[in-house]
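Sequences listed follow chains A and B, in order.
With numbering that gives the first Met the number 0 applied, the first sequence corresponds to residues 0 to 159, in that order.
With numbering that gives the first Met the number 0 applied, the second sequence corresponds to residues 0 to 159, in that order.
Yeah, the Cβ is synthetic: ideal placement off N, Cα and C, and Gly gets one too.
Bear in mind that the values here come from a model prediction, so they are computed numbers and not experimental data.
Data first, discussion second: the structure below is written as structure tokens.
There are 2 protein chains.
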Amino acid sequence: MQSALSELEKEVVDVFVRIAGALSLPRSVGELYGVLFISPQPMCIDDLMRKLKISKGSTSQGLKILRSFGAVNSVYVAGDRRDFFTAEAELRRIVSGFVNEQVRPHLDSGQARIARITSLLEEDSSENKEFIAERIERLQGWQKRAGALLPFASNFMKPD
Amino acid sequence: MQSALSELEKEVVDVFVRIAGALSLPRSVGELYGVLFISPQPMCIDDLMRKLKISKGSTSQGLKILRSFGAVNSVYVAGDRRDFFTAEAELRRIVSGFVNEQVRPHLDSGQARIARITSLLEEDSSENKEFIAERIERLQGWQKRAGALLPFASNFMKPD
DNA sequence: CAGATTGTTCATAAAATAATGAACAGCCAG
DNA sequence: CTGGCTGTTCATTATTTTATGAACAATCTG
Numbered sequence: 000m001q002s003a004l005s006e007l008e009k010e011v012v013d014v015f016v017r018i019a020g021a022l023s024l025p026r027s028v029g030e031l032y033g034v035l036f037i038s039p040q041p042m043c044i045d046d047l048m049r050k051l052k053i054s055k056g057s058t059s060q061g062l063k064i065l066r067s068f069g070a071v072n073s074v075y076v077a078g079d080r081r082d083f084f085t086a087e088a089e090l091r092r093i094v095s096g097f098v099n100e101q102v103r104p105h106l107d108s109g110q111a112r113i114a115r116i117t118s119l120l121e122e123d124s125s126e127n128k129e130f131i132a133e134r135i136e137r138l139q140g141w142q143k144r145a146g147a148l149l150p151f152a153s154n155f156m157k158p159d
Numbered sequence: 000m001q002s003a004l005s006e007l008e009k010e011v012v013d014v015f016v017r018i019a020g021a022l023s024l025p026r027s028v029g030e031l032y033g034v035l036f037i038s039p040q041p042m043c044i045d046d047l048m049r050k051l052k053i054s055k056g057s058t059s060q061g062l063k064i065l066r067s068f069g070a071v072n073s074v075y076v077a078g079d080r081r082d083f084f085t086a087e088a089e090l091r092r093i094v095s096g097f098v099n100e101q102v103r104p105h106l107d108s109g110q111a112r113i114a115r116i117t118s119l120l121e122e123d124s125s126e127n128k129e130f131i132a133e134r135i136e137r138l139q140g141w142q143k144r145a146g147a148l149l150p151f152a153s154n155f156m157k158p159d
């Protein structure tokens, strides 16, 4: 296992670094997934640190995040005490993990907040109450739509 | 037009600040949209600065971003030299603007990068070539799927 | 045209986010 | 139990991102 990224590996890692950025995840998370994604063998923390030249802390933290939504799988390697990992390669699983862990909670707290807003609005008595009420209802509709889109998006990834 | 945020306004702004965060947009962009969203009247830069207590630079910059994907509309107010704005309230328009301006370009450059990777792979002659080839193909499939999902997501917002 | 008024830009400051690495906790092997 | 690995945590440092505000350009107004 050579400890430098080949040109090809660098490109692949770069793809995932950009994806990570789009998802508001740390750069290192994208790097880690990228390296695992094109590695035929499972890798341990030490391998990843050496390949990417990042610290042990970042590596551990990054893997924790990846595991949190199932983007990475642990693999047992006989005769080695260390933990090894591979990239989860089924898009559907990653998407649904991500949705459940990183997106749904936000939607839920948004739901709660809108409920609070509705009750604030009742106490309110400005001349614009009607307009504001319409806006809040609209916002609620958006929320609902977003919630409906998520499971659909997961299914959309079905065959992969 | 009072120059402080009511409790209700604060809550609404907060909702959009969180959404902005999820979309990797500056906090101020969420604040601006939020205030416009619950404002019955069009607002000018000065109004927004005062309401949100943010600088003129942030306000101008934030509105520029919002305009870039059609989240905000310019309104002419008779007898006033200043520019006035309202929040675009049709979700479908905002989504499709956002997709076209902020998402599609990333997908496209990703496409280009994958093409480059494919050519790098041809020069490559490791024993793992086959495995890597499979992964790159898979990645390409993901890319394609993402591209297909976007127009669908836009349509999903249809009635709003 | 001269003087205001309005909006944009951009160098700098401030704030938020991520990475580092040393300290620590757990665990196995002898 | 002791010593050596392995992985995690977290206070600090580094980096990146965002906000600020003064300088500027553009546009009206009288």
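- Task: Note down the Cα distance separating isoleucine 132/B from glutamate 121/B, rounded to an integer number of angstroms.
- Result: The displayed chain sequence assigns alanine, not isoleucine, to residue 132/B. When rounded, the distance between both Cα atoms is 9 Å.
- Item | Element boundaries [beta strand (DSSP E), containing serine 73/A] | Its beta strand (DSSP E) spans residues 71-74.
- Query: At least one CB of chain A closer than 8 Å to the CB of glycine 13/B: is that the case?
  - Reply: Here residue 13/B turns out to be aspartate, not glycine, going by the sequence shown. It does; some Cβ of chain A falls within 8 Å.
- Item | Closest residue to arginine 17/A among Lys9/B, Gly109/B, Gln60/B, Lys52/B (Cα-Cα distance) | Ranking Lys9/B, Gly109/B, Gln60/B, Lys52/B by CA distance to the CA of arginine 17/A puts Gly109/B first.
- Message: Please return the same chain residues whose Cβ sits closer than 8 Å to the Cβ of phenylalanine 83/B, not counting the five positions on each side in sequence.
- Response: In chain order, Pro41, Met42, Cys43, Ser73, Val74, Tyr75, Val76 place their CB closer than 8 Å to the CB of phenylalanine 83/B, counting only its own chain and leaving out the 5 sequence neighbours on each side.
- Item | Span of the alpha helix (DSSP H) around phenylalanine 130/B | First-last of the alpha helix (DSSP H) with phenylalanine 130/B: 128-155.
- For leucine 62/A, which residues in chain B fall below 8 Å Cβ to Cβ? Here the premise fails: no neighbours, minimum Cβ distance about 19 Å.
- Message: Give me the DSSP bridge partner(s) of threonine 85/B.
- Response: Beta-bridge annotation (DSSP): threonine 85/B is paired with Asn72/B.
- Give me the Cα-Cα distance between phenylalanine 151/A and leucine 24/A, rounded to the nearest whole angstrom. Roughly 23 Å between the two C-alpha positions.
- Beta carbon of valine 28/B nearer than 8 Å to that of valine 12/B: At least 8 Å separates the beta-carbon of valine 28/B from that of valine 12/B.
- Task: Express the C-alpha separation of leucine 90/B and proline 39/B in angstroms, rounding to a whole number.
- Result: Approximately 18 Å between the Cα atoms of the pair.
- Task: Check the Cβ of isoleucine 131/B against every Cβ in chain A and list those closer than 7 Å, keeping chain order.
- Result: One finds Ile37 in chain A with Cβ atoms closer than 7 Å to the Cβ of isoleucine 131/B, taken in chain order.
- Query: Just checking my contact of arginine 92/B with glycine 69/B at CB under 8 Å: how many whole Å lie between their CB atoms?
  - Reply: That pair is a contact at about 5 Å.
- Nearest chain B C-beta to glutamate 136/A closer than 8 Å, yes or no? Chain B contact via Cβ: absent.
- Query: How would you write the range of the alpha helix (DSSP H) that glutamate 100/B sits in, first residue to last?
  - Reply: Where glutamate 100/B is concerned, there is no enclosing alpha helix (DSSP H), given that its DSSP letter is neither H nor E.
- Item | alanine 86/B burial status per 10 Å Cβ neighbour count (16 or more: buried) | Its Cβ being crowded by 16 or more others within 10 Å, alanine 86/B is buried.
- Between which two residues does the alpha helix (DSSP H) containing leucine 65/A stretch? Boundaries of the alpha helix (DSSP H) harbouring leucine 65/A: 55-67, taken from the DSSP string.
- Task: List the residues of chain A that isoleucine 53/B touches, going by C-beta distances under 9 Å, in chain order.
- Result: Contact annotation for isoleucine 53/B against chain A: no contact, minimum CB-CB distance about 22 Å [criterion: below 9 Å].
- Beta carbon of aspartate 94/A, beta carbon of serine 153/A: below 8 Å? A quick correction: the sequence has valine, not aspartate, at residue 94/A. Between valine 94/A and serine 153/A, the gap from beta carbon to beta carbon is short of 8 Å.
- Going by the beta-carbon positions, is the gap between leucine 31/A and threonine 58/A smaller than 8 Å? Yes, the pair counts as a contact, with Cβ atoms nearer than the cut-off.
- C-beta neighbour in chain A for serine 23/B, strict 8 Å: Yes, its Cβ sits closer than 8 Å to a Cβ of chain A.
- Message: Using a Cβ-Cβ distance cut-off of 8 Å, determine whether aspartate 107/A contacts chain B.
- Response: No - not a single Cβ of chain B is within 8 Å of the one on aspartate 107/A.
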